[in-house]
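Each remark here refers to the structure printed beneath this line.
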Amino acid sequence: MKITEFLKHNYRHFNAAALIDAAEGYKSHLDNGGKMMVTLAGAMSTAELGISLAEMIRQDKIQIITCTGANLEEDVFNLVAHDYYERIPNYRELTPAQEQDLVERHMNRVTDTCIPEMEAMRRIENVILEEWVKADQAGESYFPHEFFYKILLSGKLEESYQIDPKNSWLLEAAKKNIPIIVPGWEDSTLGNMFAGHVITGDVKNVHTVRTGIEYMIYLADWYTNNATEESTVGFFQIGGGIAGDFPICVVPMLHQDLQRTNVPLWGYFCQISDSTTSYGSYSGAVPNEKITWGKLGINTPKFIIESDATIVAPLVFAIVLDQ
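Residues 14 to 336 (my numbering) make up the sequence shown, in order.
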């Protein structure tokens with residue numbers, strides 16, 4: 014039985030039914046000529062969402078991505094150091110002493126998965142530092158994702174691949190030159206490393222890596238050129254936080270701050286979140302709240318799936334991919 018057939022037979026009510034509705038809405042949006050932004054919060058790259066996300070990119074089911082700095086870099090960490098990762102199924106039972114043992118071995122834990130500092134983070138630092146210094150000396154500046162595109166497309170890392178490269182979503186995005194928005198990139202391992210290299214003088218100009226404000230300007234231009242009443246842009250949000258809140262605000266910014274009147278609202282919205290609906294929480298806000306901020310309209314298809322994105326997102330993608 015195909016995955017889609019299984020899901021439609023068994024997923025009939027509550028969050029299960031919301032998953033089906035959201036996936037069918039995603040398909041309808043694309044079938045009607047729309048485009049889709051996918052946003053990645055949390056540690057979805059370390060959860061290896063790339064296995065399904067890369068296929069979505071290959072099949073043109075995604076036209077633009079917004080992600081945290083962590084998700085940007087951790088897809089590449091996994092690409093070159095997968096064999097050195099350690100999984101700890103009993104992570105809830107670890108004592109402080111056991112956690113100390115991990116840090117002394119340079120194993121950085123993300124829930125049940127430990128990322129090896131030397132094999133992953135430092136290996137990428139050495140390669141990307143060359144690009145930072147080269148751009149800095151030439152008086153050039155690039156976005157965080159553009160530096161990654163450079164090193165991935167150069168082939169410098171190919172000998173270090175430890176997974177099938179078709180499962181790297183960032184590599185697939187680089188091949189298609191898909192626009193990526195990375196708000197708050199400085200809140201990432203490589204962001205910290207870049208700051209260190211500016212402090213030590215290896216990189217002279219802090220603006221060699223372009224900023225979040227420039228990303229908003231870039232997104233405003235992209236949205237203006239891609240969103241029309243006939244071909245709106247949808248918003249598929251995995252998790253909450255800055256990965257979702259930053260890009261969705263481009264629409265009210267264009268309306269309210271630039272006083273433009275011909276900008277369509279987001280044409281589809283879905284959020285996968287395990288955040289409890291609560292007071293003042295963006296991640297826990299229901300989609301209708303976004304109507305009051307000028308992000309969504311009364312008739313915008315809206316879905317919220319209150320569940321674990323590591324479980325739900327690949328299933329939604331399977332339906333969109335007709336698997």
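Each residue gets a CB set at the ideal place from its N, CA and C atoms; glycine is no exception. These figures come from a predicted structure and were not determined experimentally.
Reference Ala60, options Pro157, Arg71, Phe259, Cys127, closest by Cα: The residue with the shortest Cα to Cα distance from Ala60 is Cys127.
Whose CA, out of Ile332, Ala208, Leu328, lies closest to the CA of Leu62? Leu328
Per the DSSP calculation, Leu53 is bridged to which residue(s)? Cys80, Ile251
Every unbroken beta strand (DSSP E) within the stretch 201-266, with a cutoff of 3 residues, ordered by chain: Counting only runs of 3 or more, we get 246-251.
Once DSSP output is grouped into helix, strand and coil, what is the label at Gln113? helix
I need the DSSP call for Val123, collapsed to helix, strand or coil. strand
Is Ser65 close to chain D? Criterion is C-beta to C-beta, closer than 9 Å. Although the question refers to chain D, the structure presented lacks it and comprises just one protein chain.
Out of Leu43, Glu86, Asp34, Asn28, which one is the CA nearest neighbour of Ala56? Looking at the Cα atoms, Glu86 is the closest of the given residues.
Contact between the stretch 261-268 and the stretch 295-302 (3+ Cβ pairs under 8 Å): As far as the Cβ criterion goes, the stretch 261-268 does not touch the stretch 295-302, which means the pair count is below three.
Gln72, DSSP secondary structure in three states: Of the three classes helix, strand and coil, the one that applies to Gln72 here is coil, per DSSP.
Do three or more CB pairs link the stretch 222-235 to the stretch 150-162 at distances below 8 Å? Judged by Cβ distances under 8 Å, the stretch 222-235 makes contact with the stretch 150-162, as three or more pairs qualify.
Going by CA-CA distance only, name the one from Trp306, Ser288, Asp335, Trp279 that's closest to Lys315. Trp279
Write down every uninterrupted run of the alpha helix (DSSP H) in the stretch 172-196 whose length is 4 residues or greater and which is fully enclosed by it, in chain order. 182-189
Which residue wins for smallest C-alpha separation from Thr313, given the options Asp200, Ser41, Gln111? Ser41
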